[in-house]
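Undergrad: Would you mind keeping the following structure in view while I ask a few things?
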Amino acid sequence: MAAPTMEKPRTNEGAKVQTVTMAKALNMGLRAAMEADPKVLVLGEDVGKLGGVFRVTDGLQKDFGEQRVLDTPLAESGIIGTAIGLAIRGFRPVCEIQFDGFVFPGFDQIVSQLAKLHFRSQGKVKMPVVVRIPFGGGIGAVEHHSESPESYFAHTAGLKVVACSNPIDAYWMMQQAIASDDPVIFFEPKRRYWEKAQLDPGITPDPLFSSRVLRQGGSATVACYGPSVKTCLDAATAAEEDGIDLEVIDLRTLSPLDLGPVFDSVRRTGRLVLVSEAPSESSVTAEVATRVQQECFYSLEAPVLRVTGFDTPYPPSKLEEDFLPDLDRVLHAVDRSLAY
Amino acid sequence: MAAPTMEKPRTNEGAKVQTVTMAKALNMGLRAAMEADPKVLVLGEDVGKLGGVFRVTDGLQKDFGEQRVLDTPLAESGIIGTAIGLAIRGFRPVCEIQFDGFVFPGFDQIVSQLAKLHFRSQGKVKMPVVVRIPFGGGIGAVEHHSESPESYFAHTAGLKVVACSNPIDAYWMMQQAIASDDPVIFFEPKRRYWEKAQLDPGITPDPLFSSRVLRQGGSATVACYGPSVKTCLDAATAAEEDGIDLEVIDLRTLSPLDLGPVFDSVRRTGRLVLVSEAPSESSVTAEVATRVQQECFYSLEAPVLRVTGFDTPYPPSKLEEDFLPDLDRVLHAVDRSLAY
Amino acid sequence: MIAGLRATTEGGADLVQLLSPEGERVSHPAFDIEVTPEELRGLYRDMVLVRRADREGNALQRQGQLGIWVPLLGQEAAQIGAGRAMRPNDMAFPSYREHGVAWCKGIQPTDILGIFRGTDHGSWDPIATRFHLYTIVIGNQCLNAAGYAMGQRFEGKVGDDDGEATIVFFGDGATSQGDVHEGMVWSAVYDAPLVFYCQNNQWAISEPVERQTRVPLYERARGYGFPGIRVDGNDVLACLAVTRWAMDECRHGNGPVLIEAFTYRMDAHTTSDDPTRYRLSDELEAWKLKDPIERVRVHLVKQQWADQEFFDQVQAEADELAAHLREFCVNMPDPHPERIFSRVYAEESPVVRRERDEFLDYLSGFADAHAGGER
Amino acid sequence: MIAGLRATTEGGADLVQLLSPEGERVSHPAFDIEVTPEELRGLYRDMVLVRRADREGNALQRQGQLGIWVPLLGQEAAQIGAGRAMRPNDMAFPSYREHGVAWCKGIQPTDILGIFRGTDHGSWDPIATRFHLYTIVIGNQCLNAAGYAMGQRFEGKVGDDDGEATIVFFGDGATSQGDVHEGMVWSAVYDAPLVFYCQNNQWAISEPVERQTRVPLYERARGYGFPGIRVDGNDVLACLAVTRWAMDECRHGNGPVLIEAFTYRMDAHTTSDDPTRYRLSDELEAWKLKDPIERVRVHLVKQQWADQEFFDQVQAEADELAAHLREFCVNMPDPHPERIFSRVYAEESPVVRRERDEFLDYLSGFADAHAGGER
Ligand SMILES: Cc1ncc(C[n+]2csc(CCOP(=O)(O)OP(=O)(O)O)c2C)c(N)n1
Ligand SMILES: Cc1ncc(C[n+]2csc(CCOP(=O)(O)OP(=O)(O)O)c2C)c(N)n1
Ligand SMILES: [Mg+2]
Ligand SMILES: [Mg+2]
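Chains as they are written, first to last, in the UniProt record's numbering: chain P, 1 to 340; chain U, 1 to 340; chain S, 1 to 375; chain A, 1 to 375.
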C-alpha cells in the first residue's frame, strides 16, 4: 500500500506566511510531523538539549520530551540499527547523522537492513525511517564534514533518496519523507541552511518523488540538486546577459529519479549539463546522463556534460572553492555544450 | 612513487604450465606474493585452518604460519581497521571479506581511512592493502551472498577497484594488486572459481589497471567484467551464427577505468552494450556509458545500452537466473542496439 | 591461539546447571525452578521434534531439495529453553540458526524452508508472530532488537509483571561485531527490556571461541553494568530457568541481561561446511555425552514421568513431522519472475516498475522457457 | 537521563591520584612514582606552553585566521602525563584534540594549524614522528592502533624492557562506537601492546557521559579480560605514572590496558560550539578548583622546587610560542589548486590526471582570479 501522503499531503491552511531559513523550515517540518503523529521520534547525537549542531531540531526535546527526541550514544550504526527496531515496533524514527562523512559507520545497517527489510518480508515489515544528512561543502570545515555521499544510497535498491534545495521544499519534503512508509535518505545542503524564503504553509506542495523545472529556457538544460541549485540559478541569470537561455531543473529526488521533465526539456534544448558536488565516477550524475542519452538519443545535439566535484578526497577547505562547481564552471560547461 | 610492479611485473620464468581453477590461481598468486615479500599478510574469517570458505587461502597458514595468515575475530571493521594499522607499520595486508554482502560493516574504515590516508598524509603513509571480495550471484545462496557492490568502491576516490574474470588474470592480478602501494578492492567472481584455464607463469602479464579486448568484432561492442565476461563471450559465439560479430572487452579495472580500448572500439562499431550483475542506478556501467557518450558522441549509432541486475535487492536464489544477465538478455540488447 | 587455554567442554564454576548430563536434577541457589512431569515431557517433545525437523532439513539439502541447511543439532536445549521462557507478547530476534525458537513462537518448520530452498527470504509475519525474520549479517539484529525493546519501554509496556520483553539470539563469533557492542551500550543506557542470548556453540565456522575473546563471554556484561550469566546450554531446564528470570527482570524494567548458553554445534556450520578440516572428532565425542535430549529422557525414565508409549508417540509425531516437511518441500513451487520486483518498496518505485514491465515484456517473447512459477 | 546518577566532578574510590587539587602529594599503593624537581618543572612547563598554544589557537579562530579550533583546555595533565610516559619508539594514535600529546612527540604547534586553517589535513610525518595524523571519524583510530600494535608484536618488538608499545587516544563519547569495541577485542585476542587511553572529559559535545554508559568506563576492560584503571586526569603525575606502567606492561607483552583519564573539557567542544546551551557554569566552576596546572604550581612552590624566576621564564616562553604561532598562522600561504589532485594515490590515477589537466587548463583561462596559492 502506498503511503497516503504523497498524493495528498497534509496542508496547514490558515497557518500564516512567514520568512524562514532552511534550518528553520526543516525544524517546522519536523515539528509538524511530530505533532501530527505521536509515533514520530527524533534520534541522533546532540539533537536534544543542543538542538543539533545546526539547530535543526532546536526546541523539539523541550516540547516533546526525552522519549521522543533522543540524544543517543555516539555511534551511527546504533542510531540506524535501533531506529530500525523502533520502526519494527511501529514507530517512525527520524535519525540525524551529524555530518555527511559520519554516515559510514551506519552504512551496514542502512544497506543490509533498512533497505532490505520491506522486500525481505514482502511488506509485512515497513521501514518508515528518515535518515537526515546535512551534506555538501562550502562551509570551511575540516575533513569528513563536506562530503556528498548521495550516490552510495541512490545505488542501493530499497532506499529512496531526496535532496532539498530551498526552505519551502525543506518544509514540505521533510513532512512527506516522514509520512512515507519507505526509508528515505534525506539530504540537506548544509551551506544553504541560512538562506531564506517565504513559506506559505497553506499551499499544496508537489509530490515528494518529483523533479521540478525551476526556470524555463531553450538554449540548454541544466539539471542539479541540493546546494548546486542556487549555483545553477545564478549561472542562468548570468548567462541571460549573454543571450543564453538556460532551463534549470531541480532533480529533488535522486532515487527514484524523476527524469520525465529532464527528457522533455532535453528534447527541446538538445543539450544537458549536470551539476553536483559529488565525485563523478559511478555517481548519480552518471545515471542521469546514461538515461538521457538513452531516452533522448536523437534529440541530443551535444553529449551530456557534467560539472562535479573531482574524483579526489575532499580537499582542505582553502581549496573548496576550486573543488566545488561554481557559476563559472557551470557556464564553461554550457559553453562547451553549445559549441558542439 | 609508483608501485614498481605495474610496468614490470615479476615473472616466474621456468615455472611450468598447468591447468588450474580460478580459486587455485588466486591461491598461487597469494602464495607467490607471500614468498616474495615477508611483509605480506593474509587476514580474514576462516582463512587459516579452513583455508577460506572457497579454499582460496588453502594451505597458506600451514606453510607461512599463524602470524602471516590470521584467523581474525568475526568483525569486518576490525579486519579492515587493523589491516590499515598494519599497513602503517609497514606490512602489506591482504584482507578476505567472506562474501560480498559482508563488506558493509567494514565500509567506514574503507571509505574514511583506507581510501583517504594517502591523500591526507600526502603520501607519507602508504596503504598497500588488498581487500579481496568474492562477488556476484549464480551459486544458489541465501541473502547477502550474491551481491555486486563494486560501484560503491568505484565511486570512492582514493581506492582502486579491479575484477578478474579468468584464472590467468586471477593469478597475475592478485600479485600485482598486492605489489601496488595503493589500496585495491579486488573482486573475484565466485561462480567462476571452479572454471579452469592453462596458466603459464612464464609470460609477462598486462598491467593491472588496464582493460583488454578479448574478442574482436565489427557489429557492436560489448563491455563487461567479472562473472559477466564468460556470459558475453558465450553470447558472442552465439551471435556469430546470426552473422553478428561482437567485440568483447573485459574492463578488468573499474577504478580507474581504462576506457581507451572501449572508445577505440565504439568508434569502429558505433554501438555499445554494457553488462554487469550490479543494479544499474548510479553504477559503474552508468559511468562507462556517460564517458562513452561524451568521448564517442559522433560515432555512436545507437545509445549505449545496459544489461544489468535489477534495481531491487538480490532475490531469492530460485529467481537468480532471471535476475542475472544471461546470454539471451545480452543478445536481446545487442539486437536492440543494432535496430537503431 | 596466542592467549588463553582451550577447555571446550567445561563451562567453568559459574555454569548454571539444573539437570546433569547423567540426567540428575541439580539444585541451584539462584535459578532453581519446579517443573511438572507434563512440562518436562513437553520440553522433551519440543526438542525431539525440532531435532527431527533439523535432520530432515539436512537430508533435504543432501538430496538437492534445499540449497543449504543450517543445522541446530546440539543446540535444542538452548533454543527450546529460551523459547519456552517467552510469553506470547515477548519479541524475539533470531540469527539464522534458531529453528527451535521459531518452533516455540509457532513458526512451522515448513515456513522456514523457503529461505534455504531459495524461494523467499523468510515467509512468516514477524509482526504477528513476534519472531523477527532471520538475520544473516552477523550482529545486525542486536541493534534492531535494542530499538524494538526501547520501543516497548517507550510505550509503557515495561515495569510490572504484565510487562513485555525482547530476546535477541546471536553466536559466540558475533560478539566481536561492533553492532553487538552498540546494542549493549544502547540497551544499558535506555534500560531496554532486552535479553542478549548468546549461544556459545564453541565455533564460528572454523574459528574456536578463543579467536573472539580471552575470557568467558558472559563477563562482557560487566563492562556495561548489567548482569551476565553462563548457563549450561545443553540443559533445557537451566536455559528455561535462567531465561525466564532474565525476561522477568526485563519486563519489570531491570534489563538488559546477557545470557551465555554454553553449548556445542554438533554438526557442520552449514551443509556447505566440512568441520573435519578444523576440529577433532574427540571433541564431538565428548560433547555427545552431554546431549541435551538424552539427559531429559534419562531423567523422565528415572523419575517414571514417562513410559515407553510416550516415547513411541513422540517418535511417531517426529516421523510424521519429517514426512510432512519433505512432502511440503518437494512440492514447493518456484516463484514467478515477477517476484523479483515485488514489494521492494511500500510505495512502488517507477524505476522498479519500468524494469519489471520491460523484463516481463522481454520474457513474453519466449514461448515457454519462463512460463512456470507462482505469482 | 533514564538511568544512572550524575556526579561529574567525583572520580570515585578507584581514582588513582598522586597530586591532590590542593597541590599535596598523595601516595598510592600501586602507582606511586618518584619525580625529581626538574621533571616536575618540565611537566609544568609542558602544560603551560601547551595551554598557551591552545589559547592562541582559540584566539586565532576568533579572529578569522582559523576555520575552527578544538581546544584542549583542562586536559593538559591527561595529555602531558600520557605523552611524557612514551618512549621515542612508542607510537601514538590521536583523535583530534591531542595537541598536548603531539607536543610531547615533537610535533610543533605550528604543524597542527593547517588542519584548522584548511590548508592541509595534517602536515607532519606520522611514520617519522610516531604520531599518527588526527582521526576525526570517532573511534576509527582504535582499530588502526590495534593493527599497528599487532605489527609491533609480529615484528618481535615486544617482550622485554626494550619493547615497543602503542597508545591510542579517544573520548568518552567514542566508547560507544563499534570500532572501539572491535579494537579491544582484537588487542585482547592478539595480546597487542596497546594502551587504550580514554580521556573522559565528561562531555561528547552536548551529551554527558551518562548518555554513553551506566557504569564507569574503565570497567569496560573487564569484559575483555584486561586491566582497566581510572586515573585523575587532572593530575599529571598520576597520568604519567599510570601510563608509564601501562606502556611498560604492553612492551613486556602484557597488553592491552585501558586507562580512563577522568578529566574535564573546560572550554567548548570546538569554537563552533556553545556549551551554555547544555551545561551549567557551576560544573565548570567546580572543575576549575581541580585545574591541572595550578596544582603543580602550588606543589612546586610548597616544595620550593621552583622560584618566581622559573615561573616568569615559562611565562615568557609561552608568550613567545604564542607570538610565533600567530606570526606563522597569518603568513600561511593558501595552497595551489593543483593540491586538490596531489597524491591521491601512490601511483597516479589517469582519472585524477585527466581531471587535473582539464581543471588547470580551465583555470588558465582566468587571467588572475586563481593565480595565488603555493604548489
Ligand atoms: C557480517 C558477516 N560476516 C561474515 C558472515 C559469514 N558467516 C556466517 S556465520 C559465520 C560464523 C558465525 O559464528 P557464530 O556467531 O558463533 O554463530 P554460529 O554460526 O556458530 O551459530 C560467519 C563468519 C556473516 N554472515 N556476516
Ligand atoms: C563517526 C562520527 N560521528 C560523529 C562525529 C561528530 N563529533 C565530533 S566530536 C563528537 C563528540 C566526541 O566526544 P568524545 O568522544 O567524548 O570526545 P571529546 O570531543 O569530548 O574529546 C562528535 C559527535 C564524528 N566526528 N565522527
Ligand atoms: Mg558459534
Ligand atoms: Mg568527551
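Glycine included, C-beta positions come from ideal geometry on N, C-alpha and C.
1. Which residues bound the alpha helix (DSSP H) around A/N144?
2. Measure from the alpha carbon of A/V209 to the alpha carbon of each residue in A/F226, A/A188, A/T263, A/V185, then state which is nearest.
3. Ignoring anything shorter than 3 residues or poking outside the stretch 198 to 280 of chain S, list the beta strand (DSSP E) runs there in chain order.
4. For P/P73, decide whether its Cβ has a neighbour in chain S, counting only Cβ atoms nearer than 7 Å.
5. Measuring only the C-alpha atoms, how far is U/P320 from U/Y314?
6. Do you know offhand how far U/R291's Cα is from A/T119's?
7. S/V330 and S/P256 look like a contact to me (Cβ under 8 Å); what is the Cβ gap, rounded to whole Å?
8. Please identify the residue among U/E35, U/R89, U/S77, U/D100 whose C-alpha is closest to the C-alpha of U/V69.
9. Can you find the residues in the same chain that come closer than 6 Å, C-beta to C-beta, to S/R244, ignoring five residues on each side of it along the sequence?
10. Might you give, ordered along the chain, the residues of its own chain that have their beta carbon closer than 8 Å to the beta carbon of U/R55, omitting 5 neighbours on each side?
11. Tell me whether U/E45, by its Cβ, gets closer than 6 Å to a heavy atom of ligand 1.
12. Residues in the same chain with beta-carbon distance under 8 Å from S/R62, minus the five sequence neighbours each way, listed in chain order, please.
13. Which residues in chain U sit within 9 Å of A/N89, going by Cβ to Cβ distance?
14. Listing by chain order, which chain S residues have their CB less than 7 Å from the CB of P/D250?
15. CB of S/I138 to nearest heavy atom of ligand 1: below 6 Å?
16. Write down the C-beta distance between P/V131 and P/F91 rounded to the nearest angstrom, noting that I regard them as a contact closer than 8 Å.
17. Looking at chain P, which residues of the stretch 200 to 222 of chain A have a Cβ within less than 7 Å of any of its Cβ atoms?
18. Go ahead and label U/P4 buried or exposed: buried means 16 or more other beta carbons lie within 10 angstroms of its beta carbon, across all protein chains shown.
19. Closest by CA to P/I139, which one among P/A333, P/K190, P/I80, P/A289?
20. Using 8 Å as the threshold, is the stretch 201 to 219 of chain S in touch with the stretch 101 to 119 of chain U, meaning 3 or more CB pairs across them?
21. Any heavy atom of ligand 2 inside 6 Å of the beta-carbon of P/G98?
22. For chain A, check one thing: does any of its Cβ atoms lie closer than 7 Å to the Cβ of P/E247?
23. Is there a Cβ of chain P sitting closer than 7 Å to that of U/K116, yes or no?
24. Within the same chain, show all residues whose beta-carbon is closer than 7 Å to that of U/P93, passing over the 5 residues directly before and after it, in chain order.
25. Does S/M1 get closer than 7 Å to chain P when you measure Cβ to Cβ?
26. Can you tell me whether S/G171 sits near ligand 3, meaning its C-beta is under 6 Å from at least one heavy atom of the ligand?
27. Looking only at DSSP bridge pairs, what is U/P93 linked to?
28. Starting from U/C224 and walking both ways along the beta strand (DSSP E), at which residues does that stretch end?
29. Leaving aside the five residues before and after A/R220 along the sequence, list all residues of the same chain whose C-beta is less than 7 Å from its C-beta, in chain order.
30. Mapping DSSP to helix, strand and coil, what is A/F31?
31. Out of P/A157, P/S112, P/T312, P/D328, state which residue places its alpha-carbon closest to the alpha-carbon of P/A238.
32. Could you tell me whether the Cβ of A/A146 comes closer than 7 Å to any Cβ of chain U?
33. With 7 Å as the C-beta to C-beta threshold (strictly closer), list the residues of the stretch 248 to 270 of chain S near chain A in chain order.
34. Please confirm whether S/E155 has its beta-carbon closer than 7 Å to some beta-carbon of chain A.
35. Would the stretch 140 to 156 of chain P count as touching the stretch 278 to 288 of chain U if we require 3 or more Cβ pairs under 8 Å?
36. Buried or exposed: where does S/A102 fall if 16 or more other Cβ atoms within 10 Å of its Cβ makes it buried?
TA: This is what the structure holds:
1. Position 144 of the fourth sequence, counting from 1, holds the residue named residue 144 of chain A. Per DSSP, A/N144 belongs to the alpha helix (DSSP H) from 140 to 154.
2. By 1-based counting over the fourth sequence, the position of residue 209 of chain A is 209. Selected option, being the one with the closest Cα: A/T263.
3. 228 to 232, 257 to 262
4. In the first sequence, residue 73 of chain P corresponds to position 73, counting from 1. Output row for P/P73: interface = yes.
5. The sequence position of residue 320 of chain U within the second sequence is 320, counting from 1. The sequence position of residue 314 of chain U within the second sequence is 314, counting from 1. Per the sequence shown, the amino acid found at residue 320 of chain U is Glu instead of Pro. Between U/E320 and U/Y314, the C-alpha separation is close to 8 Å.
6. For this step, residue 291 of chain U is matched to residue 291 along the second sequence. For this step, residue 119 of chain A is matched to residue 119 along the fourth sequence. Whole-angstrom Cα-Cα distance: 32 Å.
7. Taking the third sequence and counting its residues from 1, one reaches residue 330 of chain S at position 330. Taking the third sequence and counting its residues from 1, one reaches residue 256 of chain S at position 256. 43 Å between Cβ atoms; not a contact.
8. As a position in the second sequence, residue 69 of chain U is number 69, starting the count at 1. Residue U/E35 is the option with its Cα nearest to U/V69.
9. Here the question's residue 244 of chain S lines up with position 244 in the third sequence. Excluding sequence neighbours, S/R244 sits near A85.
10. In the second sequence, residue 55 of chain U corresponds to position 55, counting from 1. Here the set comprises A23, N27.
11. Looking up residue 45 of chain U in the second sequence gives position 45. Under cutoff, so the answer is yes.
12. Numbered from its first residue, the third sequence carries residue 62 of chain S at position 62. These residues qualify, in order along the chain: T271.
13. Taking the first residue of the fourth sequence as 1, we reach residue 89 of chain A at position 89. Near A/N89 there are no residues of chain U at all, since even the closest Cβ is about 12 Å away, more than 9 Å.
14. Here residue 250 of chain P corresponds to residue number 250 of the first sequence, with the count starting at 1. The contacting residues do not exist; P/D250 stays about 18 Å from chain S at best.
15. Position 138 of the third sequence holds residue 138 of chain S. Yes, ligand 1 has a heavy atom inside 6 Å of this Cβ.
16. In the first sequence, the residue the question calls residue 131 of chain P occupies position 131. In the first sequence, the residue the question calls residue 91 of chain P occupies position 91. Not confirmed; about 14 Å, so no contact.
17. A204, I205, S206, E207, R211, Q212
18. Working through the second sequence from its first residue, we reach residue 4 of chain U at position 4. Confidence is the limiting factor: at U/P4 the pLDDT is only 38, short of 50, which leaves the residue's position unreliable, though a coordinate-based value still follows. With fewer than 16 Cβ atoms within 10 Å of its Cβ, U/P4 is classed as exposed.
19. Working through the first sequence from its first residue, we reach residue 139 of chain P at position 139. Closest by alpha carbon: P/K190.
20. no
21. To locate residue 98 of chain P, count along the first sequence from 1; it is residue 98. Looking at the sequence shown, residue 98 of chain P is not Gly but Gln. At least one heavy atom of ligand 2 is nearer than 6 Å to the Cβ of P/Q98, so yes.
22. Here the question's residue 247 of chain P lines up with position 247 in the first sequence. It does not: the Cβ of P/E247 has no partner Cβ on chain A nearer than 7 Å.
23. Residue numbering aside, residue 116 of chain U sits at position 116 when the second sequence is read from its first letter. So yes, U/K116 belongs to the interface.
24. In the second sequence, counting from the first residue as 1, residue 93 of chain U sits at position 93. Excluding residues within five positions, the ones whose Cβ falls inside 7 Å are L41, L43, A83, L86, A87, V129.
25. Walking along the third sequence from the start, residue 1 of chain S turns up at place 1. At S/M1, the pLDDT of 33 sits below 50, so the modelled position is not reliable and the matter cannot be decided from this model.
26. Within the third sequence, the letter at position 171 stands for residue 171 of chain S. Yes, since a heavy atom of ligand 3 falls inside the 6 Å radius drawn around the Cβ of S/G171.
27. As a working mapping, residue 93 of chain U is identified with position 93 in the second sequence. U/L41.
28. As a working mapping, residue 224 of chain U is identified with position 224 in the second sequence. Run containing U/C224: 220 to 224, per the beta strand (DSSP E) assignment.
29. Taking the first residue of the fourth sequence as position 1, residue 220 of chain A is located at position 220. The answer, listed in chain order, is T175, G228, L258.
30. Here residue 31 of chain A is taken as the residue at index 31 of the fourth sequence, counted from 1. DSSP places A/F31 in coil when its eight states are reduced to three.
31. Residue 238 of chain P sits at position 238 when you count from the first residue of the first sequence. For the residues P/A157, P/S112, P/T312, P/D328, the minimum Cα distance to P/A238 belongs to P/D328.
32. Here the question's residue 146 of chain A lines up with position 146 in the fourth sequence. Cβ-Cβ to chain U under 7 Å: yes for A/A146.
33. none
34. Along the third sequence, read from residue 1 onward, the residue named residue 155 of chain S stands at position 155. Closer than 7 Å: no.
35. yes
36. By one-based count along the third sequence, residue 102 of chain S stands at place 102. Buried.
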